[in-house]
Each structure stands twice: as C-alpha cells, then as structure tokens.
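Asks: For the sequence shown, the working numbering begins at -18 and goes up steadily by one.
Where a beta carbon is used, it is the ideal one built from N, C-alpha and C, also for glycine.
This is the structure I want to talk about, given as structure tokens.
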Amino acid sequence: MRDIEASTPARFNGDPRRLYEASGSSGRILIFAVRLDTFEAEKNTRVFYIGTNDPEDLTDLRRTMLSSFRTLPIAAEYIHRGAYDIAERYGKDTFLLIKWLGTSRLPSLFAAKSRIDDLAGRLRFLPANLSDRLLQAVSHILPSHLPKTMGDYRNRFEHHLLIKAGGDCIGETRDYLQKRFCSAAHAAFFECDPTEASAAFLHRFAVAGAAVRYRIVHAREVSDIVALDIALPRNTTQWVETLPASIERDIRKKLYYGHFFCHVFHQDYIIGKNADWQQVEHQMLAILHQRGAKYPAEHNVGHLYKAERAVVSHYHELDPCNCFNPGIGSTSKLLRWRNMPVSSNTPHAIN
C-alpha cells in the first residue's frame, strides 16, 4: 500500500498474488475454521475528522502519510457528501440500533425483521418490505442522531475523511493536520471526542445499507441499484469520478464511500425507474476498465461478473469436479467443468 507510484491496485478480490488455498476460494472448498484475533487491539486511539471541497487535499494527505509516516493509521475512511446525506436519513435506524443495543443483538433483530416481512407477504393488504418501512417511519420522527460538529462539516465540505490513529501515529497525524489545514480556506479538521469518534465511524457503517433502504422506500421511482466496489491503481491522483451525461441522466442518487488509503471505493448508483440499470452497469464497467480499476475489489464475482483467468484456474485446482458453487464468474455449471466457454478471461474447456 505504501508504494504510491505503483500502477496496480493495492488489493482486489482476484489478485493472483493472493490466490492460495482457502484465500480466494469463493466457496469452492469446504472450510472448517476458528476465528481468532489477528493482532492486539490498540488501546490508545484518536479519530480525526477532515473536511474539504478540494479532493487534491485528500490526495496530498494520502500520498504524504503513506510515503513518509513512520506508523500508518488504523483506518482511513472516505465519505462523500451525497453518501453522508443518504445515510443520515435512510441509515438512521441502523445507527441507533447499534448504538443502543450493540452488534451482538443484530442477528436476532434481523431474524425478527425477516419474520415480519414473511407475515406481511402472506397478508396481501400489507406492503412489501413492511419492516423496513416501519423502521424508516419511526426513525424519521426521532431527533437528529449525529453530532453538531459533523453536521457543520457536512454543510461546509463535500469530501469527508475519517482517520483513526493509534500509538505514535496520533502525534504524527495531529502535527501534520495542524500544519496542512491550519490556514486552509476550503478545508479543516477537528479531533473527535469519544462521542464524535463513535458517531463518525458508525455513520460510515450505516452508509453501506442506506441505498437499499432508499430503493425500498422509493420503489416507484427506482428501477434498481448498481453497486460497485472497485480498486483503483495506487498511483491514481484523479480518483473523483466524472460520468458522461448519457449515464448521469439515468442516475437519481450516487453514493461514494470507501477505504481511502488502499484506494478501494464502494460506489452505489440508484437508477431511475425508466432506465435500464444493466446497461448503465455495463457502461460503468467499461469506464472503470479504462481507468485501470479492478472489480470486484472486496466482494466475490458471484453470477454478476466474469472471473479472470487466474481466478478460474484457482477454482479448477480447488474443485476439479466443479461440485461447489458451480457457475460463479460466468464459468461452466456442468460436472468436471464440461463446456467451459473459451474467452480472453477464461481457460480452455475442460472435458
């Protein structure tokens, strides 16, 4: 990740360097595992909230910290104002439920939610996705859940970056931000207190499901969501996307958020009712290919994307019978990989 001049992404799902045994297996093998902590949690941490109207400020910050800091931050999360707004309204219940009940109770809450929707599906006079609509209605009447400092930055700045630093990185980050933004007219930062720090990262978490809630609430105006997770090359400086008018006209809302230092972005596009969302997605992917991006970055290819050659070879080595998860990545669904289509991205058919 520190190699900021590299023309390849820092990490992505189909990286041939990371395809080893269970890594990148995509359900092609049966895994029995025990989850363990990978490293000791940092006890002394601080969160810095940065806002700017010039994306070059964040570009310079990223390149400086990656190339010169002795210790890197624990996390650096980006949120665009558009994603901030959607999450503030349509992710509010997620934010509050986690804040009040914690993450340990989420599985039981989701189970209850499924039961409510199942019941609503049997009673025709009730709307679809009843639980989401109820949660949205309740959250709408509750008071604002975000700190005033965050709201002020939302009004002032288009681009938001949350940096969580620990140990020696705290002082290094604080000193850099004070020098870099102390006199900037179009950018600023503040060091979060514990309440602000928790709210900032919880709001970032709520962004991920906000687009789905928007689609449910506005089902009459939305055809679907194009949800992309992409990895940009490490040397990318123009990371803010500019779409052609032919695509923009079909989009109602755009949500940009991601893991800024490794240049992995989640880009959710809410497509208007009369538009062809699949055509929009294909146009998007063509643009991303021209930018040197890799996709999917974090999620699997599933049945939406064509797996690259190295990934398909990995699948075949793990599962020569093609018994686990057949067909993912636009591969053969037949036993022993028969009739594998030949393309630039897939190996020859296996008979």
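Write down the C-beta distance between Gln219 and Tyr237 rounded to the nearest angstrom, noting that I regard them as a contact closer than 8 Å.
Replies: With a Cβ gap of about 14 Å, Gln219 and Tyr237 do not count as contacting.
Asks: If we call anything under 8 Å between Cβ atoms a contact, is Leu269 one with Pro(-10)?
Replies: No.
Asks: Considering Cα atoms alone, identify which of Glu153, Met131, Gln271 and Asp74 is closest to Leu224.
Replies: Here the closest residue by C-alpha is Gln271.
Asks: Decide yes or no for the touch test of the region 77 to 89 against the region 167 to 175: beta carbon pairs closer than 8 Å, at least 3 of them.
Replies: Short answer: they don't touch.
Asks: Report yes if the CB atom of Ser204 is closer than 8 Å to the CB atom of Lys235, and no otherwise.
Replies: It is not a contact, given that the beta carbons lie outside the stated cut-off.
Asks: Closer than 7 Å by C-beta to Ala256: which residues in its own chain qualify, once you throw out the five before and the five after it? Chain order, please.
Replies: Cβ neighbours of Ala256 beyond the five flanking positions: Ser204 and Asp231.
Asks: Quick check: the Cα distance between Ser324 and Met131, rounded to an integer number of angstroms?
Replies: With a pLDDT of only 45 at Ser324, under the threshold of 50, the placement of this residue in the model should not be trusted, and no figure is reported.
Asks: Identify every residue that forms a DSSP beta bridge with Tyr59.
Replies: Beta-bridge pairing links Tyr59 to Leu142 and Gly239.
Asks: As an exercise, report each continuous alpha helix (DSSP H) stretch of at least 4 residues that is fully enclosed by the region 276 to 312, in chain order.
Replies: For the region 276 to 312, whole alpha helix (DSSP H) runs of length 4 or above, ordered along the chain, are 290 to 299.
Asks: Take every Cβ of the region -3 to 12, pair it with every Cβ of the region 118 to 135, and state whether three or more of those distances are shorter than 8 Å.
Replies: No: fewer than three Cβ pairs fall under 8 Å.
Asks: Do you know whose CA, among Asn(-6), Tyr30 and Arg51, lies nearest Lys129's CA?
Replies: With distances taken between Cα atoms, Lys129 lies closest to Tyr30.
Asks: Excluding the five sequence neighbours on either side, which residues of its own chain have a C-beta within less than 6 Å of the C-beta of Phe138, listed in chain order?
Replies: These residues qualify, in order along the chain: Gly32, Thr33 and Asn34.
Asks: Going by CA-CA distance only, name the one from Ile(-15), Ala(-13), Arg27 and Tyr71 that's closest to Val193.
Replies: Selected option, being the one with the closest Cα: Tyr71.
Asks: For Ile344 and Phe182, I'd like the C-alpha separation in whole angstroms.
Replies: The displayed coordinates of the chain run from -18 to 332. Any statement about residue 344 would go beyond what the structure contains.
Asks: Taking the straight line between their C-alpha atoms, what separation do you get for Tyr65 and Cys243?
Replies: Rounded to the nearest angstrom, the two C-alpha atoms are 21 Å apart.
Asks: With a Cβ-Cβ cutoff of 8 Å, do Arg(-2) and Leu47 count as a contact?
Replies: Cβ atoms of Arg(-2) and Leu47: not closer than 8 Å.
Asks: According to the Cβ coordinates, are Ile252 and Arg233 closer than 8 Å?
Replies: Cβ atoms of Ile252 and Arg233: closer than 8 Å.
Asks: From the DSSP output, which residues share a beta bridge with Val203?
Replies: Note: Val203 sits in a beta bridge opposite Gly253.
Asks: Across the region 183 to 192 and the region 69 to 83, are there enough close Cβ pairs to call them in contact, namely three or more that are closer than 8 Å?
Replies: As far as the Cβ criterion goes, the region 183 to 192 touches the region 69 to 83, which means the pair count is three or higher.
Asks: Just to confirm the assignment, what range does the alpha helix (DSSP H) spanning Ala168 have?
Replies: Segment Ala168 to Glu172 is the beta strand (DSSP E) holding Ala168; no alpha helix (DSSP H) there.
Asks: Using only CA atoms, which one of Ala278, Ala3, His61 and Phe50 lies nearest to Ile211?
Replies: Of the listed residues, the one whose Cα sits closest to Ile211 is Ala278.
Asks: Based on the DSSP secondary-structure assignment, which residues constitute the bridge partners of His121?
Replies: Answer is none; His121 lacks a bridge partner.
Asks: Is it the case that the Cβ atoms of Leu111 and Ala101 are separated by a distance below 8 Å?
Replies: Closer than 8 Å, so yes.
Asks: As a quick exercise: from Pro108, Ala165 and Glu69, pick the residue whose alpha carbon is nearest that of Leu127.
Replies: Ranking the options by Cα distance to Leu127, first place goes to Glu69.
Asks: In the DSSP output, which residue or residues are listed as bridge partners for His247?
Replies: Partner(s): Asp210 and Tyr238.
Asks: Quick check on Arg230: does DSSP put it in helix, strand or coil?
Replies: In the structure shown, Arg230 sits in coil (DSSP, three-state: anything other than H, G, I, E or B).
Asks: Going by DSSP, name the residue or residues bridged to Tyr30.
Replies: DSSP lists Leu143 and Phe171 as partners of Tyr30.
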